[in-house]
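Novice: All residue numbers for the sequence shown refer to the numbering used here, where the first residue is 1 and numbers rise by one. All C-beta atoms, glycine included, are put in the ideal place defined by N, C-alpha and C. Structure incoming, see below.
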Amino acid sequence: MGIEDLQSLVSNFSERRDWSQFHTPKNLVMALSGEVGELTEIFQWLTPEQSGAVGQDAKSRAHVEEEVADVFIYLLRLAEVLDIDLAEVVRKKVELNDKKYPEEKSRGRATKYTELGEN
Numbered sequence: 001m002g003i004e005d006l007q008s009l010v011s012n013f014s015e016r017r018d019w020s021q022f023h024t025p026k027n028l029v030m031a032l033s034g035e036v037g038e039l040t041e042i043f044q045w046l047t048p049e050q051s052g053a054v055g056q057d058a059k060s061r062a063h064v065e066e067e068v069a070d071v072f073i074y075l076l077r078l079a080e081v082l083d084i085d086l087a088e089v090v091r092k093k094v095e096l097n098d099k100k101y102p103e104e105k106s107r108g109r110a111t112k113y114t115e116l117g118e119n
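Laid out in structure tokens, this is it:
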């Protein structure tokens with residue numbers, strides 16, 4: 001299922017419940033932020049090793065999957081409401097990041113692009 005199909009699925013779900021009236025950009029961004037917070041809460045006090053193993057435990061994995069889905073649903077809805085072509089803006093952003101983070105300077109480094117020229 002592609003992005004447009006997912007957006008239609010989410011839009012139809014909302015419309016059948018007459019929720020579109022509540023789906024202003026402000027409200028969607030706030031809901032998205034809340035869902036990211038819920039996803040963050042799952043990982044908040046885990047060690048790096050524990051966080052890497054979350055997907056191996058069925059209960060933890062299901063919880064993460066639900067929160068990831070919630071984040072994606074609100075993002076899909078926000079993009080639809082603002083008439084943003086997600087596939088296109090992602091492609092453009094990856095092209096921009098490709099310029100900001102050239103492989104020869106950024107490979108294996110977690111350095112912000114503004115700092116890459118200094119080493």
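1) In three-state terms, what does DSSP make of Asp57?
2) Are Ala87 and Ile3 touching if we call contact CB-CB under 8 Å?
3) Just the C-alpha distance for Asn119 and Lys100, rounded to the nearest angstrom, thanks.
4) Compare the beta carbon distance of Arg61 and Gly55 with 8 Å and say whether it is the shorter of the two.
5) When the Cβ atoms of the segment 72-84 are set against those of the segment 17-25, are three or more pairs found closer than 8 Å?
6) With a threshold of 16 other CB atoms inside 10 Å of the CB of Leu96, please say whether the residue is buried or exposed.
7) According to DSSP, simplified to helix, strand and coil, what is Gln44?
8) Check Asn119 in the structure and name its three-state DSSP category.
9) How many angstroms separate the CA atom of Tyr120 from the CA atom of Phe43?
10) Applying the 10 Å Cβ sphere with the 16-neighbour rule, what's the burial state of Arg77?
Specialist: Checking against the coordinates, here is how it stands:
1) By one-based count along the sequence shown, residue 57 stands at place 57. Looking at Asp57 - three-state DSSP - the assignment turns out to be coil, as it is neither helix nor strand.
2) Looking up residue 87 in the sequence shown gives position 87. Looking up residue 3 in the sequence shown gives position 3. Contact: yes.
3) Numbered from its first residue, the sequence shown carries residue 119 at position 119. Numbered from its first residue, the sequence shown carries residue 100 at position 100. Any answer about Asn119 is weak, because its pLDDT of 49 lies below 50 and its placement is not dependable; what the coordinates show is given next. The alpha-carbon separation between Asn119 and Lys100 amounts to approximately 15 Å.
4) Here residue 61 refers to the residue found at position 61 of the sequence shown. Here residue 55 refers to the residue found at position 55 of the sequence shown. The criterion of a C-beta distance shorter than 8 Å is satisfied by Arg61 and Gly55.
5) A contact between stretches requires three or more CB pairs, one per stretch, nearer than 8 Å, and the segment 72-84 meets this requirement with the segment 17-25.
6) The count along the sequence shown starts at 1 and reaches residue 96 at position 96. If you draw a 10 Å sphere on the C-beta of Leu96, you find fewer than 16 other C-beta atoms in it, and that means exposed.
7) On the sequence shown, position 44 is the one that residue 44 refers to. The answer is coil: DSSP assigns Gln44 none of H, G, I, E or B.
8) Taking the sequence shown and counting its residues from 1, one reaches residue 119 at position 119. Reliability of the predicted coordinates at Asn119 is poor, the pLDDT of 49 falling under 50, and no value is obtained from them.
9) Residue 120 is absent from the structure shown; the chain starts at 1 and stops at 119.
10) Against the sequence shown, residue 77 aligns to sequence position 77. The residue is buried, with at least 16 neighbouring Cβ atoms inside 10 Å.
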